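Written out below as structure tokens is the structure these notes cover.
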Amino acid sequence: MTSPATGSLSVNLTVAGMTCLNCSSHVSDALERVPGVVTARVDYRGARAAVELAAGVAHTPEVERALVQAVERAGYEALISEPRGSTAADSVSDVGMRTEEGSVTVGAGGSIGTPSDVTDARSWAPDVRATARAEGSPRHSTGEVAFDLLILGTGGAGVAAAIHAAGMGATCAIVERGTLGGTCVNVGCIPSKALIEAAAHYHVARRGFPGIVPCEPVLDWTAVVRAKDALVTELRQAKYADVLASYPGITRLEGTAEILESAVGRIRVRVGVTEYTARKVIIATGTNPALPTIRGLDVVEALDSTSAMALVKLPTSLIVLGGGPVGVELGQAFARFGVQVTIVQRGPHLLPGEDPAITEVLRAELEAEGLEVHKGTEATGIERDAGGVVVTVHNGRLEGQLRAERVLAATGRRPNIQELGLERVGVAVSPRGYVQVDATMRTSHPDIYAAGDVTGGPAYVYVAAAGGRVAAENAIRSISPSGTPTESPREAELAVVPRVTFADPQVASVGLTDAAARAAGIHVDVSVVDMAQVPRALVARNTRGMVKLVAEAGSGKILGVHAVAPNAGELMGEAALAVRFGLTVRDLSGTLHPYLTWGESVKLAAQGIGADISKLSCCA
Numbered sequence: 031m032t033s034p035a036t037g038s039l040s041v042n043l044t045v046a047g048m049t050c051l052n053c054s055s056h057v058s059d060a061l062e063r064v065p066g067v068v069t070a071r072v073d074y075r076g077a078r079a080a081v082e083l084a085a086g087v088a089h090t091p092e093v094e095r096a097l098v099q100a101v102e103r104a105g106y107e108a109l110i111s112e113p114r115g116s117t118a119a120d121s122v123s124d125v126g127m128r129t130e131e132g133s134v135t136v137g138a139g140g141s142i143g144t145p146s147d148v149t150d151a152r153s154w155a156p157d158v159r160a161t162a163r164a165e166g167s168p169r170h171s172t173g174e175v176a177f178d179l180l181i182l183g184t185g186g187a188g189v190a191a192a193i194h195a196a197g198m199g200a201t202c203a204i205v206e207r208g209t210l211g212g213t214c215v216n217v218g219c220i221p222s223k224a225l226i227e228a229a230a231h232y233h234v235a236r237r238g239f240p241g242i243v244p245c246e247p248v249l250d251w252t253a254v255v256r257a258k259d260a261l262v263t264e265l266r267q268a269k270y271a272d273v274l275a276s277y278p279g280i281t282r283l284e285g286t287a288e289i290l291e292s293a294v295g296r297i298r299v300r301v302g303v304t305e306y307t308a309r310k311v312i313i314a315t316g317t318n319p320a321l322p323t324i325r326g327l328d329v330v331e332a333l334d335s336t337s338a339m340a341l342v343k344l345p346t347s348l349i350v351l352g353g354g355p356v357g358v359e360l361g362q363a364f365a366r367f368g369v370q371v372t373i374v375q376r377g378p379h380l381l382p383g384e385d386p387a388i389t390e391v392l393r394a395e396l397e398a399e400g401l402e403v404h405k406g407t408e409a410t411g412i413e414r415d416a417g418g419v420v421v422t423v424h425n426g427r428l429e430g431q432l433r434a435e436r437v438l439a440a441t442g443r444r445p446n447i448q449e450l451g452l453e454r455v456g457v458a459v460s461p462r463g464y465v466q467v468d469a470t471m472r473t474s475h476p477d478i479y480a481a482g483d484v485t486g487g488p489a490y491v492y493v494a495a496a497g498g499r500v501a502a503e504n505a506i507r508s509i510s511p512s513g514t515p516t517e518s519p520r521e522a523e524l525a526v527v528p529r530v531t532f533a534d535p536q537v538a539s540v541g542l543t544d545a546a547a548r549a550a551g552i553h554v555d556v557s558v559v560d561m562a563q564v565p566r567a568l569v570a571r572n573t574r575g576m577v578k579l580v581a582e583a584g585s586g587k588i589l590g591v592h593a594v595a596p597n598a599g600e601l602m603g604e605a606a607l608a609v610r611f612g613l614t615v616r617d618l619s620g621t622l623h624p625y626l627t628w629g630e631s632v633k634l635a636a637q638g639i640g641a642d643i644s645k646l647s648c649c650a
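At position 404 of the sequence shown (counting the first as 1) the number is 434 in this note's numbering, and the numbers step up by one without a gap.
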């Protein structure tokens, strides 16, 4: 019916699933993005919404479907029904909202499209003939399914993108050709830290503590691996499968994806044997371990980080090629389980990119535990003999051989872009094969974005997730009537990225080293706190390592914090905030820190700028 005041029509909707004011806001925002809608008033208590259409917009089945689809995109259910009363006032009294005469009620369960008489509708709305159902089972009425967004990969970047897009009211599909969850939960962060934790308990039992006699515990390697795998399975289900299933707007697809062709605002992708269309695509396919080009490596059954964590039997000895985070973490873990470990690092220091003073402390601690560390050493050839593997190495003019039962290659990763068809649609990649993106996570193709390790950025799951959210937001905003591709797209903030290597002691850092700051022409003050000066470390009888703080001279602005210490990673939250928001040494030293915590070391480091902390009392 027509509003006598404006000549426009109003539509009432019944919406299932709303529980709070925030729900009302989500539904209202979704409805107001529908072309032709002027305003939407939503009452979660009455499960109703009142929508006013612009003057001249006809009340058609297409309009009804568009409204229902907007509600479904927001994660709720709706359907069309006739008004209960004969006048608008009857409907208004039911829901407690002011509407005009001529209301139509919408309730749960319909499907939708876009107003046929709104000229820009096709620029953002999915093809109504093939929209994915909220339950995740697409309709195949035309042989292909249309989504607002199609995401390739279910790791940290892909899942974060899907969740963010669904929260914005979009319909999206997420594709996985292998195991759900990507690197972190399956073969990266979770399983490696589970093994590291088990190794730490085994190691501590053999060391003892003042008043506690050390012992030689029985190691059941099979049980350790089984517990690790059980944790991976549990988290994969709880944090990936169950989370994705909780969003009605997300459809999971399985199979190898290939981008077939693209037109403006429409990309055709084949997943397995089925073809789908999407208005935007996000590439989040991650990376996999890459074997270095060393003669003979391909014939000695070299381990990589994935296969090493799945060993049925521990080797007696292991040569680790690469002294980066993966090589150091797994090398120390295997050594603590009783394997004789040798690390071969081509560069001059372990953990390239970290402060050399920090990494030298770690090297000394690893060697004290029995690991053999060769810096500045390059492996040039590998062969097998009756005793295992023989690795030929060079160090300057010196040449020698190292022997072990197995060899682990931990020298890098390569992007998963094979068979994606990127060249077909003009997506540019770097010489090393990483997908190139700008600060908004958009590739050289205007409708294709990328996020996570496949872009070659910092290879941390929290960076991947942040990039996925940025990519999804920019992709969906660019197809929404409330945003365009050029309207202030969001940029990924990667100026401050904390990092942690989970060795023991841990190595963690954020911001500039003093060398990098000086190279940039910045005058700096540096404070170093030995962990023997930290009360918590004294109580724990674990005084290994130090915390190093770098500040701009004069202003006291925190530029970087670098640590090698027990639980050093736990210090980086505060340190990252300090660097990101330009806090000063006075801000840190003047902030109360709980006594007898590891975090107190950051305060002590700040106090060390301009003061001798050895002359302070315990909690001063």
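Even for Gly, the Cβ is constructed at its ideal location relative to N, Cα and C.
For clarity, every value in this text was computed on a predicted model and none was experimentally measured.
- Message: Need the endpoints of the beta strand (DSSP E) that S585 sits in, please.
- Response: Per DSSP, S585 belongs to no beta strand (DSSP E) and is neither H nor E.
- Just the C-alpha distance for L83 and S54, rounded to the nearest angstrom, thanks. 19 Å
- Query: How is the beta strand (DSSP E) around R16 delimited, first residue to last?
  - Reply: Outside the displayed range of the chain (31 to 650) lies residue 16, so it cannot be described from this structure.
- Message: Cutting at 7 Å between CB atoms, please list the residues of its own chain near G326, excluding the five before and the five after it.
- Response: G411, I412, E413
- Can you tell me where the alpha helix (DSSP H) with Y232 in it begins and where it stops? 219-237
- Message: Contact defined as beta carbons within less than 8 Å: I believe L61 pairs with A100. What is the distance between those atoms, to the nearest angstrom?
- Response: 5 Å
- Quickly, what does DSSP pair G430 with across the bridge? List them, please. V423
- Integer-rounded CB distance, given that E284 should sit under 8 Å from R300: Not quite, the Cβ-Cβ distance comes to about 13 Å (not below 8 Å), so this is no contact.
- Item | Start-end ranges of the alpha helix (DSSP H) lying completely within the region 325-384, minimum 4 residues | 335-338, 355-366
- Query: The alpha helix (DSSP H) spanning K633 covers which residue range?
  - Reply: 630-637
- Which residues in the same chain have their Cβ closer than 6 Å to the Cβ of P488, if we skip the five residues on either side of it in sequence? V527
- Using the Cα positions of V234 and M602, report the straight-line distance between them to the nearest angstrom. 25 Å
- Alpha carbon to alpha carbon, how far is A550 from L450? Give it in angstroms, no decimals. 40 Å
- Message: Under DSSP, the beta strand (DSSP E) around R282 begins and ends at which residues?
- Response: 280-284
- Item | Where H56 falls: helix, strand or coil (DSSP) | helix
- Item | For C245, the residue or residues it bridges with in DSSP | None, per the DSSP bridge assignment.
- Own chain, CB closer than 6 Å to L634, minus 5 neighbours either side, in chain order: V559, I643
- Taking all protein chains shown into account, do 16 or more other C-beta atoms lie within 10 angstroms of the C-beta of G183, making it buried, or fewer, making it exposed? buried
- Check D272 in the structure and name its three-state DSSP category. helix
- Between the C-alpha atoms of A652 and G497, what's the straight-line distance to the nearest angstrom? An answer regarding residue 652 cannot be provided, because it is not within the stretch 31 to 650 covered by the chain.
- Item | Under the three-state DSSP convention, the category R462 falls into | coil
- Taking only runs that begin and end inside the region 173-217, name each unbroken beta strand (DSSP E) of 3 or more residues, in chain order. 174-182, 202-206
- CA-CA distance, A203 and T286? 14 Å
- Message: Which of the three DSSP states is assigned to A80 in this structure?
- Response: strand
- Message: Which residues does DSSP list as the beta-bridge partners of H404?
- Response: V374
- Query: How far does the beta strand (DSSP E) with P319 in it reach, from first residue to last?
  - Reply: 317-319
- CA-to-CA distance, T209 to T621, given in whole angstroms: 46 Å
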